[in-house]
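To start, the structure itself, in structure tokens.
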Amino acid sequence: MDQIIKKDNLPVTIAVIGGGFCGILTAIHLMNYGKLKAQLYIINKGYPLVKGVAYNPHTLSLLLNVPNGKMSAFPDQPDHYVKWLKNENPHYAEENNLSSAFSTRQEYGNYLSHLWEHAINKIDSNKTINIVNDYADDITKDNGLLHISLREGRILVADVAILATGNANPGIPNGITRSMLKSKYYFANPWNKSCVENINTQGDILIIGAGLTAIDTIIGIKQRDFQDRIHTISPNGYRIKSWQEDKTPYTSAYMTEIVNENTSLLQLLRFFNKHRKIAMSLDQSVYAIVDSFRPHTQKIWQSL
């Protein structure tokens, strides 16, 4: 954070491109950093500010894919989200297993909105925040400054640009023709509400993919009283599996042995495969190995 503070103590102009989870949390942390003098611009268009696409779901019952206890917005306050849930929802107050449970994405979106409103209300006099309702199409550098071309014609000049654009739409599967792309029966964006709201309730449905997004789509379609058959096909040959297992978690993968500023993707893959094979030989669950990566995600990204 100190690297973006100007030596002459003048305000630094920071453009955050994307106003969903990553963009908003980045802005909140910048706003909370007392030593920083800044003009903050959040460039966002197409999806709701703060909640983005992930936490403004097409179906309210869709769950997070990470337990509540690992969803705090603040690394130094790991129970922050759980405490917020208990304060906001009286029916959670006495729940003993709330940290290991999964709340809805809509609830987490409300949590983010609460954090954003709180940050806006207590922003200090050294900072300003501006929301730009537009798309950023290009960035060029000139004399040490970044010139961000906005789709409606404006140029925004900044010292720092932070890309927080979230997930791109899925690629077009092999065999999908141009005529099919234009068909009213083909939905290329599974996060758009039209993919579950504008479904013809007569006839079967094919979903290309067998992961979490496919499950979300199936739930969204079924909750809109669809009665016919839904087929799924995985381009990679995967099967839909429940996250729950009766196996004992494998807990002997110690990430501190491998994660440092020089860790490569190949080293991470070898580490995972080594412990995956051990877990399978012991008939233990490999999910705990994946969870062991989570506290080190930022360090891994930074090392790359």
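If you count the sequence shown from 1, position 90 lands on 90 in the working numbering, and the numbers rise without skipping. Built from N, CA and C at the ideal position, the CB exists for glycine as well. Treat the numbers as computed from the prediction; the structure is a model and nothing was measured.
Local conformation of residue i per DSSP, three classes
{"i": "residue 41", "result": "strand"}
{"i": "residue 160", "result": "strand"}
{"i": "residue 53", "result": "coil"}
{"i": "residue 79", "result": "coil"}
{"i": "residue 122", "result": "coil"}
{"i": "residue 295", "result": "helix"}
{"i": "residue 130", "result": "strand"}
{"i": "residue 61", "result": "coil"}
{"i": "residue 90", "result": "helix"}
{"i": "residue 290", "result": "helix"}
{"i": "residue 247", "result": "coil"}
{"i": "residue 354", "result": "Beyond the ends of the chain as shown, which are 1 and 304, falls residue 354; an answer cannot be given."}
Residue i versus residue j - alpha carbon distance
{"i": "residue 19", "j": "residue 270", "result": "35 Å"}
{"i": "residue 57", "j": "residue 193", "result": "8 Å"}
{"i": "residue 141", "j": "residue 206", "result": "45 Å"}
{"i": "residue 249", "j": "residue 169", "result": "34 Å"}
{"i": "residue 94", "j": "residue 251", "result": "29 Å"}
{"i": "residue 219", "j": "residue 106", "result": "15 Å"}
{"i": "residue 125", "j": "residue 43", "result": "22 Å"}
{"i": "residue 46", "j": "residue 152", "result": "14 Å"}
{"i": "residue 82", "j": "residue 100", "result": "10 Å"}
{"i": "residue 74", "j": "residue 55", "result": "18 Å"}
{"i": "residue 77", "j": "residue 174", "result": "45 Å"}
{"i": "residue 256", "j": "residue 265", "result": "15 Å"}
{"i": "residue 86", "j": "residue 14", "result": "35 Å"}
{"i": "residue 273", "j": "residue 288", "result": "13 Å"}
Distance CB(residue i)-CB(residue j) smaller than 9 Å
{"i": "residue 21", "j": "residue 64", "result": "no"}
{"i": "residue 131", "j": "residue 49", "result": "yes"}
{"i": "residue 28", "j": "residue 119", "result": "yes"}
{"i": "residue 41", "j": "residue 156", "result": "yes"}
{"i": "residue 24", "j": "residue 163", "result": "no"}
{"i": "residue 59", "j": "residue 216", "result": "yes"}
{"i": "residue 12", "j": "residue 159", "result": "yes"}
Cβ-based burial, residue i [other Cβ within 10 Å; buried from 16]
{"i": "residue 309", "result": "The chain is shown only over 1 to 304; residue 309 falls outside these bounds and no answer can be derived."}
{"i": "residue 301", "result": "exposed"}
{"i": "residue 284", "result": "buried"}
{"i": "residue 183", "result": "exposed"}
{"i": "residue 238", "result": "exposed"}
{"i": "residue 292", "result": "buried"}
{"i": "residue 204", "result": "exposed"}
{"i": "residue 286", "result": "buried"}
{"i": "residue 280", "result": "exposed"}
{"i": "residue 66", "result": "exposed"}
{"i": "residue 98", "result": "buried"}
{"i": "residue 148", "result": "buried"}
{"i": "residue 36", "result": "buried"}
{"i": "residue 209", "result": "buried"}
Neighbourhood of residue i by C-beta, 8 Å cutoff - its chain only, sequence neighbours within 5 removed
{"i": "residue 185", "result": "200"}
{"i": "residue 113", "result": "50 and 51"}
Contacting residues, own chain, Cβ-Cβ under 7 Å from residue i (five flanking each side not counted)
{"i": "residue 221", "result": "196, 199, 205 and 230"}
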